[in-house]
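Each remark here refers to the structure printed beneath this line.
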Amino acid sequence: MKTLRLNLKHKTVPVEIENGLFEKAAQRIKELFGERKVMLVTDSNVGHVYAKKLFEQLNDLNIETGMYTVPAGESSKSHDQLLNLYDAFARFRLTRTDIVTAVGGGVTGDLAGYAASTWLRGTNLVHIPTSLIAMVDSSIGGKTAVNLPHGKNLVGSFYHPEIILIDPLLLETLPGRYFFDGIAEVIKYGLISDKNLFEMLESLENRENIMEHIEDIIFRCCDIKRSVVEQDETESGLRMILNFGHTFGHAIEKVFGYEKYTHGEAVSIGMVYISELSERLGFCSAELPKRIRSVLSRYGLPVDFPEMDNNAVIDAVLIDKKSRTNDINLVMIEEPGKVFIKRFPKEQIRRMVHENRYS
Ligand SMILES: NC(=O)c1ccc[n+]([C@@H]2O[C@H](COP(=O)([O-])OP(=O)(O)OC[C@H]3O[C@@H](n4cnc5c(N)ncnc54)[C@H](O)[C@@H]3O)[C@@H](O)[C@H]2O)c1
-2 MKTLRLNLKH KTVPVEIENG LFEKAAQRIK ELFGERKVML VTDSNVGHVY AKKLFEQLND
58 LNIETGMYTV PAGESSKSHD QLLNLYDAFA RFRLTRTDIV TAVGGGVTGD LAGYAASTWL
118 RGTNLVHIPT SLIAMVDSSI GGKTAVNLPH GKNLVGSFYH PEIILIDPLL LETLPGRYFF
178 DGIAEVIKYG LISDKNLFEM LESLENRENI MEHIEDIIFR CCDIKRSVVE QDETESGLRM
238 ILNFGHTFGH AIEKVFGYEK YTHGEAVSIG MVYISELSER LGFCSAELPK RIRSVLSRYG
298 LPVDFPEMDN NAVIDAVLID KKSRTNDINL VMIEEPGKVF IKRFPKEQIR RMVHENRYS
C-alpha cells in the first residue's frame, strides 16, 4: 500500500492507495471509528456496484449503516439533493461523531462533503473516490460544493475528510470518456510539477497500459496535490497552479452550457491554448505545445479551440471567479514540470484573444 499524509494546520489526513483496497474499506472504517454509525452517500451508477457491497460489509461488522443514492450527474450537486440528504441524515439520527462516507465520483464527493461540513456544524467524513478525477483531484484538498442556477460551485466550504481510501481497480468500470477526462488532469499534474509523469504519459499508449501503472500514477498526482495544498490550504496563492489550462477550459465549458465538453476535455483544450500562448510570449520552446497537443490527442482528448464568439470567450474568462481586480492571473508554462503565475491586465487578455486565438 502507498500512503500519503496530508499535513494541514489543524489536522492530518491519511491518503491510502492500493489496488484492491476497497475490499478492506469496511475494516479500515471500523479500525478508525469503532462501531459508530456510517451513512453512505453514492450515486445511481456507483451505488449498486460498490456502495451496496460496502453497506453489506459494514453490516457484517455490526456497524449500523445507512445509504443515500443521488441520481448520477452534475445536476445532483444541488440544494434539492442537499436537503434530501439532510433529511436522510435526520431520519438515520446521524450525530457529529458518526461518519458520512462518500462513495463515488467528484459529484458525490463534493455534495457529501458539503453536507458533512454543515450537518451539526461538521460531522466526520470519509472519501472513497471511484472516478479518476475524484481519485487524483476532488477528494483531496477539502473543497466541497453545490451549484446554483447562477454558476457552478458557488456554495461550498473547505472541509477535509478523516481519511481518503483509493482503490484504483474501481476504475475498471469507469466509462472511457470519464477515464480520459481524468487523464487530462493527470497530464496537467505532470506539466505543472512532474516531468517524469508527463514523459510516462507520453510513452504509454492506451488505457490498458495506463492501468498497469495506475497505482503509481495516482500516487504521484495525489502527492503533488498534497504538497500544493499543504502550502496553500485556502487557495490564496500557489494553489492556483492547479488551475493550469483551467481559465480557458472553464470558459469553453461555460459557453457550451457544460454539456458538449466534460471538464477534462475543456481543460485539455485550455492547456494547449495556454502553452501556445506561453510560446508566443517567449516563455517556452515551440516544441512544448506540440508535445502537449500530441499526448492529449493520443488519449482522444480534444485540443483545438472550438468555433466560439471571441467576446463570449472573453466574457467567460473575465468573470471567472478566480480573477482579481483589473488583472487576471494565468498559469504559464516554461517546460514540463515548471509553471509560474503571471498577472495580465484584463485589457491585454481581450487583445490576445482577438489577435491570437486561431493563430
Ligand atoms: N472538490 C474539488 O476540489 C474538485 C476538483 C475537481 C472536480 N470537482 C468536481 O467533480 C465533479 C466531476 O467529477 P467526476 O468526473 O468524478 O464526476 P461524476 O461524479 O459525475 O462521475 C462521472 C461519471 O462516472 C460515474 N462513475 C464514477 N465512478 C465510477 C466507477 N468506478 N464505475 C462506473 N461509473 C462510475 C458517475 O456515476 C458519473 O456518471 C464536478 O462536479 C467538479 O466540479 C471537484
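Note that the working numbering numbers the sequence shown so that position 303 is 300, with each residue one more than the last.
For each residue, glycine too, the CB sits at the ideal point set by N, CA and C.
In this text, all values refer to a predicted model and were calculated from it rather than measured experimentally.
H124 is bridged by DSSP to A99, I161.
Classified as buried, T120 has 16 or more neighbouring CB atoms from the shown chains inside 10 Å of its CB. F337 carries a strand assignment under DSSP once its states are collapsed to helix, strand and coil. When P172, N206, V12, L278 are compared, the shortest CA-CA separation from V133 is found for V12. Separation of I184 and Y296 (C-alpha to C-alpha, rounded to the nearest whole angstrom) is 11 Å. Cβ neighbours of Y175 within its own chain (closer than 6 Å, five residues either side excluded): S128.
By alpha-carbon distance to P146, the top candidate from S73, I180, I189 is S73. Looking at the backbone, the Cα of S275 and that of H243 are separated by about 15 Å.
Non-local beta-carbon contacts of T62 in its own chain, meaning distances under 6 Å to residues more than five positions away in sequence, involve V35, F52, L55, N56 in chain order. Spatial neighbours of G153 in its own chain (CB-CB distance under 8 Å, excluding positions within 5 residues in sequence) are listed in chain order as D107, Y111, K140, T141, A142, V143. Between D164 and L18, the C-beta spacing is below 8 Å.
Taking a C-beta distance under 8 Å as the contact criterion, P333 and K192 qualify as a contact pair. When C-beta atoms of the region 337 to 346 are compared with those of the region 297 to 309, fewer than three pairs fall below 8 Å, so the two segments do not count as touching. A distance below 6 Å between beta-carbons, with the five flanking residues on each side excluded, links P68 to the following residues of its chain, in chain order: S41. Where T244 is concerned, the enclosing alpha helix (DSSP H) starts and stops at 243 to 252. Under the three-state reduction of DSSP, E15 is assigned to coil, being neither helix nor strand.
Our two residues, R288 and T115, have alpha carbons roughly 44 Å apart in a direct line. According to the DSSP secondary-structure assignment, I325 is paired through a beta bridge with F341.
One thing to note: L188 has its Cβ within 8 Å of the Cβ of F195. Within the chosen limit of 7 Å, ligand 1 reaches the beta carbon of K149 through at least one heavy atom. Secondary structure at V46: helix, using DSSP grouped into helix, strand and coil.
Around the beta carbon of N206, fewer than 16 other beta carbons sit within 10 angstroms, so the residue counts as exposed. Relative to ligand 1, I130 has its C-beta within less than 7 Å of a heavy atom.
Assignment of A313 by DSSP, reduced to helix, strand and coil, places it in the helix class.
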